[in-house]
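In this text, residue positions in the sequence shown follow the UniProt record's numbering: the first is 1, and each later residue adds one.
Think of the CB as a built atom: it goes at the ideal place given N, C-alpha and C, for glycine as much as any other residue.
Step one of this worksheet: look at the structure below.
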Amino acid sequence: MDENKMTPAPESGENTEKRARKMSPSSKRGMYTAAISALVVAIVIVFNLVIGGLPDGTLEFDITGKDLYTVTAQSVDYLKTLDKDVNVIVLAQSGAIDQHLQKFINNYAKLSSHIKLQIIDPVLDPTALTKYNAKENNVVVSCDATGKNKILSLGGFQGYSDGLILYDPTTYQYYNQLKPVALDAEGQLTSAVGYVTSEAANKLYLLGGHDEAALGSNASSLIAKANIETASLNLLTDGGVPDDCQLIVSYNPARDLSDDELSTLETYLKNGGKLLLLIDNAQLKNFNVLMEVYGLQMQSGTVGDDDRYYKYYYQQYGNRCIDPVLSTGSDVTTGVSTDAIVRSARGLLQITPGRRAATVTPFMSTSENGVLIADDGSTAKGTYILGATAIETFADKADVQTRLTVISAIDLISDQIPMTAGFSNYDIFMNAVNKNYSDVQSVSVPSKSLEVTPTKIGQNMLWGIALVSIIPFVVLGGGFVYWNKRRNR
1 MDENKMTPAP ESGENTEKRA RKMSPSSKRG MYTAAISALV VAIVIVFNLV IGGLPDGTLE
61 FDITGKDLYT VTAQSVDYLK TLDKDVNVIV LAQSGAIDQH LQKFINNYAK LSSHIKLQII
121 DPVLDPTALT KYNAKENNVV VSCDATGKNK ILSLGGFQGY SDGLILYDPT TYQYYNQLKP
181 VALDAEGQLT SAVGYVTSEA ANKLYLLGGH DEAALGSNAS SLIAKANIET ASLNLLTDGG
241 VPDDCQLIVS YNPARDLSDD ELSTLETYLK NGGKLLLLID NAQLKNFNVL MEVYGLQMQS
301 GTVGDDDRYY KYYYQQYGNR CIDPVLSTGS DVTTGVSTDA IVRSARGLLQ ITPGRRAATV
361 TPFMSTSENG VLIADDGSTA KGTYILGATA IETFADKADV QTRLTVISAI DLISDQIPMT
421 AGFSNYDIFM NAVNKNYSDV QSVSVPSKSL EVTPTKIGQN MLWGIALVSI IPFVVLGGGF
481 VYWNKRRNR
């Protein structure tokens with residue numbers, strides 16, 4: 001046996017313990033990974049618990065681009081004022097409600113604790129239709145405090161019938177398919193809530209007998225949503241102004257008032273009457289006499305504006321398609337935040353009123369570079385009024401107020417200008433109507449288009465697509481090729 005080869009001495013207990021405490025790098029990495037995983041799992045669990053405790057809808061976002069599921073500030077503010085409970089009962093089979101509509105109704109009902117939403121399947125509960133005196137696919141809005149109710153239809157055809165969702169009549173007629181084109185749920189529901197909770201009964205008379213034009217479907221729909229009842233009025237055949245008349249509207253008359261009609265309207269206004277004229281005919285003598293009594297004089301010719309015309313329509317209208325100046329000092333333009341559009345309007349000038357106590361307040365006009373284009377082709381620059389109110393108060397009658405509103409742009413409410421176009425035309429019109437009532441519901445919400453708007457890709461968007469997607473993939477692809485070459489060397 002070689003004496004130089006010595007058997008190693010056994011390790012002491014202390015050395016064994018030290019080695020045990022020393023861990024290999026792979027073991028350390030394993031423990032670190034396990035610890036991180038456990039921490040991440042714990043964070044996820046806590047996060048889910050927090051999210052689960054949030055109210056329904058808190059993390060739901062409207063990404064439609066048209067705010068289809070978002071209730072407008074008008075209705076939100078109105079619903080905050082509710083002080084009566086309102087029942088909203090949807091009578092429809094399970095799965096029969098359009099997805100857009102179902103989503104919106106749920107969001108709407110969450111905005112007030114006074115709204116009680118109930119969806120009843122009439123197949124499962126056959127007594128429901130009889131109980132609510134309604135039909136399948138109806139929505140019953142009722143208020144126990146007032147005893148009033150209103151029945152809405154889930155669906156209707158645009159331009160022909162009302163509905164919370166509107167379908168294209170042409171597609172149905174030719175292809176027997178229901179193509180949704182507009183969502184009118186907010187307007188219909190807010191109108192119904194306002195009606196069933198209100199004690200008021202407001203009325204509007206449409207003046208006839210002078211070849212007036214009929215109000216367009218858009219304007220008529222908004223008036224109905226404001227819960228204002230309409231009726232026709234012929235001052236001669238009906239024997240004057242009815243006692244329940246709160247507002248007279250004359251829309252685009254083609255013939256003049258008779259002397260007797262002029263006298264009747266003058267008497268009506270002197271006693272605190274309300275009249276809204278949408279007129280662009282300077283040749284109607286008695287209509288113009290009535291306006292001049294209250295400080296407004298219509299000019300012959302049409303109005304343009306060298307500063308505020310829509311260049312897109314220049315070839316068709318020249319400078320006569322105007323983006324009017326909206327006054328901030330009038331109650332008619334209160335809350336109006338977007339531009340309007342008027343075409344070939346007549347110009348009004350403010351004069352000394354025959355009724356000395358009348359105060360004229362313009363709410364819509366041209367800029368100082370407005371142009372009056374007379375019928376003979378001559379022009380005159382200046383600021384021309386396109387809409388104004390004349391108000392007369394009475395010292396001995398504090399609660400009585402005469403109000404004459406004149407709009408010299410009759411196409412302000414033309415159906416050729418859709419409510420979904422983004423202009424404020426219908427807001428201005430409805431303010432001009434609503435300000436004649438002391439207790440009318442001022443919320444009248446237009447429908448929202450469901451039509452798909454083609455996306456236009458501009459240069460900035462192309463660069464964005466390149467930077468976000470194409471370039472990173474090129475870099476990654478180049479890196480992979482370089483790595484693969486080095487790997488195969």
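With residue i and residue j assumed to form a contact (beta carbons below 8 Å), what rounded beta-carbon distance in angstroms separates them?
i           : j    : result
V433        : I223 : 7 Å
G304        : G318 : 6 Å
residue 497 : V336 : A question about residue 497 goes unanswered here, because the residues of the chain that appear run from 1 up to 489.
D77         : S94  : That pair is no contact at about 34 Å.
T190        : L82  : Not really, about 11 Å apart at Cβ, beyond 8 Å.
K397        : L183 : Contact flag wrong, Cβ pair sits at about 46 Å.
P253        : D211 : 7 Å
Y437        : N202 : 5 Å
D278        : I115 : Looking at the sequence shown, residue 278 is not Asp but Leu. Incorrect: roughly 36 Å between the Cβ atoms, too far for contact.
Does any CB atom of chain D fall closer than 8 Å to the CB of residue i?
i    : result
L386 : Checking the listed chains, one finds no chain D in this structure; it contains a single protein chain.
Relative to the alpha-carbon of residue i, which residue among the options has its alpha-carbon at the smallest distance?
i           : options                : result
G70         : G304, V86, N106, A42   : The sequence shown places Thr at residue 70, not Gly. Cα-wise, what sits closest to T70 is N106.
M430        : A421, L412, G422       : L412
G382        : D396, D375, S365       : S365
A226        : D439, K179, D415, K448 : D439
L117        : Y268, V140, A219       : V140
G147        : I43, Y195, V90, I391   : Y195
V342        : A185, A134, Y313, T264 : Y313
residue 491 : A421, N138, G377, Y268 : The requested residue 491 does not occur in the structure, where the chain is confined to residues 1 to 489.
I97         : A374, Y384, G163       : G163
E392        : K274, Y108, A282       : K274
P418        : T379, D244, S142, S221 : S221
T352        : I322, K135, V289       : V289
V88         : T379, I151, I322       : I151
Which class does residue i belong to by DSSP, given the choice of helix, strand or coil?
i    : result
E229 : strand
T58  : For T58, the pLDDT reaches just 45, beneath the cut-off of 50, and the residue's location in the model is therefore unreliable, although a value from the coordinates is still provided. Reduced to three states, the DSSP call for T58 is coil.
G318 : helix
L412 : helix
E136 : coil
Q459 : Note that Q459 scores a pLDDT of 49, beneath 50, so its modelled location is shaky; the value from the coordinates is reported in the next line. Q459: helix per DSSP, three-state reduction.
F423 : coil
A42  : helix
A219 : helix
Q99  : helix
I105 : helix
N149 : strand
D260 : helix
K397 : strand
T366 : coil
T453 : Here the model assigns T453 a pLDDT of 47, short of 50, so the residue's position is not dependable, and the following value carries that caveat. It is coil, neither helix nor strand.
V332 : coil
I63  : Interpretation of I63 is limited by its pLDDT of 42, a score under 50 that renders its predicted location unreliable; the figure taken from the coordinates is listed afterwards. The answer is coil: DSSP assigns I63 none of H, G, I, E or B.
L386 : strand
V123 : coil
Q297 : strand
N252 : coil
A130 : Note that residue 130 is Thr in the sequence shown, not Ala. Of the three classes helix, strand and coil, the one that applies to T130 here is helix, per DSSP.
E266 : helix
Q118 : strand
V327 : In the sequence under discussion, the amino acid at residue 327 is Ser, which differs from the Val named in the question. Reduced to three states, the DSSP call for S327 is coil.
L247 : coil
If you drop the 5 nearest sequence neighbours on each side, which residues of the same chain put their C-beta closer than 6 Å to that of residue i?
i    : result
G354 : V293
F363 : S327, S330, V332, T333, G387
S408 : D280, A345, R346, L348, L386
S232 : L206, G208
R320 : T302, G304, S344
N286 : D256, L257, L262
A200 : D439
S424 : V336, T338, A340
T405 : L276, T389, A432
L284 : D256
Spatial neighbours of residue i within its chain, please: C-beta separation below 7 Å, excluding the five flanking residues on both sides.
i    : result
T230 : L204, L206, I223
D307 : S367, N369
A128 : L91, I120, P122
S217 : G159, D415
G377 : none
L264 : As written in the sequence, residue 264 is Thr, which differs from the Leu given in the question. Closer than 7 Å at Cβ, skipping near neighbours: L235, G240, V241.
Only counting the same chain, and skipping five residues up and downstream in sequence, which positions put a Cβ closer than 8 Å to that of residue i?
i    : result
G272 : F394, K397, V400, Q401, T402
A145 : K84, D85, T197
S153 : N137, N138, V139, S161, D162, G163, L164
Y167 : G155, G156, F157, Q158, L178, K179, P180, V181
E266 : L290, V293
For this session: Let me know the beta strand (DSSP E) ranges lying completely inside the region 169-202, each 3 residues or longer, listed in chain order.
Result: 180-183
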